[in-house]
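K.L.:
In this note's numbering, the protein residues as written are 37 to 607.
1. Does DSSP put residue 410 in a helix, in a strand, or in coil?
2. Sort 415, 414, 410, 374 by Cα distance to residue 614 and report the nearest one.
3. From residue 607 to residue 200, what does the alpha carbon distance come to, in whole angstroms?
4. I need the boundaries of the alpha helix (DSSP H) containing residue 301, first residue and last residue.
5. Grouping DSSP H, G and I as helix and E and B as strand, with all else coil, what is residue 436?
6. Figure out for me which residue from 276, 592, 598, 329 has the closest Cα to the Cα of residue 340.
7. So residue 322 is in the alpha helix (DSSP H); what residue range does that whole segment cover?
8. What is the DSSP secondary structure of residue 337, counted as helix, strand or coil?
9. Among the residues of its own chain, which have a CB less than 8 Å from the CB of residue 37, if the five just before and after it don't count?
10. With residue 397 as the anchor, note down where its beta strand (DSSP E) starts and where it stops.
11. Residue 204 to residue 595, Cα distance in whole Å?
12. Quick check: the Cα distance between residue 583 and residue 258, rounded to an integer number of angstroms?
13. By alpha-carbon positions, which one of 252, 240, 293 ends up nearest to residue 276?
14. Beta strand (DSSP E) containing residue 179: first to last residue?
15. Closer than 8 Å is the cut-off here; do at least three beta carbon pairs connect the region 46-65 with the region 132-146?
16. Given a cut-off of 8 Å, decide if residue 327 and residue 46 are closer than it, judged by their beta-carbon atoms.
17. Helix, strand or coil for residue 37, going by three-state DSSP, please let me know.
18. Does the Cβ of residue 528 have 16 or more other Cβ atoms within 10 Å, making it buried, or fewer, making it exposed?
19. What are the start and end residues of the beta strand (DSSP E) that includes residue 103?
20. By Cβ distance below 7 Å, which residues in the same chain neighbour residue 558 in space, the five residues on each side in sequence not counted?
21. Going by DSSP, what residue range makes up the alpha helix (DSSP H) through residue 563?
22. Could you say if the region 492-506 and the region 331-347 meet the contact criterion of at least three C-beta pairs nearer than 8 Å?
23. On the DSSP letters alone, give me the boundaries of the beta strand (DSSP E) that residue 426 sits inside.
Below, the structure is given as structure tokens:
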């Protein structure tokens, strides 16, 4: 291509760079840095977008990231008796001390025709740049729930719906306003998940719809989850409130005449120049969704990756040339560093370091939600026979993740697990609950673990990248065959690769405690066999090309170039 691509990555969350967070540590301490890191990174999308922007820019593409500046964040704390609670903390005013304020403001017409004024902040991200739109009344907290509603609000459900619409409009229409203010005509706007709906200029009846500035811009819809909450269905009043062009909304290929609704994902896919999921299996799940019938051939996939430089301990760079003995010695050294760090960071008891020194460390850190199946560990430990077998292994499990303030089921799961561990002296050293898992501190965990866990109900995980972060640090993977797992985790040599993981098989589409216990015992056996252990460590390191964000970025550029080619052929 002769012209340089200009890509706008639009997302509800784009994680802050560690350099910025380290500056916050120097001025205000680690607690605030954790909170700031969590404010723009609820699940995997925040870190992914940050690393994807850097990788694309390194390929010579001009990349502009656009997200929201959130005023508050929900964080976790521990009660005196050991239980976790969550509380809202202000972070916006602190973040602005470390972001650069732009010398212009945006004026934006909202769905109800009111006008708002938006402050714009920016920060470099490698060779790219990310802009954060500030409107505290709207972007108070990411993905608001009932706990975020004003105390005087009588109709909380309606407030949540309106607030989510405003946030979606702010990120979508705000992105278009920003690009015009910057005079940057994007070749592509990448829309991550349906909340960025309004970043497609053609969908809404407002001045952007026919604006010649975006005449040549092509939109790409990047789906990140097959879960129902991310694929809303809007009725006629919602369509009108969102100012969606009725010619599009009532087009027979989108409009459900029986329910008198539109599936938002179906509409986005239909009008987008390109569509992709974030793993091979995720794309197959999308193609089999009844709501997307007829668009199967339009759905591609580009598997997520990670920026190895951000996640791999530098001491592992030459791991491939080390002998088995030296490789295991290096892993043990890094594990001891992890134990020392975790002991200080999480305020663990005095004897813990000594008691777990020679154990096999397994990390299970994910966004805590029902389909990611943290309850499997809880059920395992409550089963007397499975608990007995677990205690016979040398395994220590570190468990942590984000809890959404409105997800009562997930809170129940983690609270139950914490109660169990706190009250059972046999489990005290063997299962440790970590608070406030965040992108800034996470590398410390991955550098030293022996294995990680990735479980999900069949077809519910789009990709997952936590296990990739473990693989580039030589850790083995305990997993079910979902998301991107089948693309870099191998459970036997029959798959054409040396094994680097242990399977937790599905039973009626769900992982079971028995399967997890079997995997724990297989890991324990390998851990005690230096030759086999070294082989699996090497096999994990060998996944580095597949899990690299550089591969992801290259495949993205290839897809975009193909889209341009297809459009030219159509013309």
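No residue lacks a Cβ here, since even glycine has one placed at the ideal position from N, Cα and C.
P.N.:
If we stick to the structure as given:
1. coil
2. This structure does not reach residue 614, given that the chain is present from 37 up to 607, and the question cannot be answered.
3. Low per-residue confidence applies at residue 607: pLDDT is 48, beneath 50, and the placement is therefore not dependable, though the value from the model is reported in the following sentence. Approximately 38 Å between the Cα atoms of the pair.
4. 300-307
5. strand
6. 592
7. 316-323
8. strand
9. The predicted position of residue 37 is uncertain, since its pLDDT is 46 and thus under 50; no value can be drawn from it.
10. 396-401
11. 26 Å
12. 18 Å
13. 240
14. That residue, residue 179, is in no beta strand (DSSP E); it is neither H nor E in DSSP.
15. yes
16. no
17. In this prediction, residue 37 has a pLDDT of 46, which is less than 50 and means its spatial position is unreliable; what the coordinates show is noted afterwards. Here residue 37 sits in coil by DSSP.
18. exposed
19. 98-105
20. 538
21. 549-563
22. yes
23. Taken as a continuous stretch (DSSP letters only), residue 426 belongs to no beta strand (DSSP E), being part of the alpha helix (DSSP H) at 420-428.
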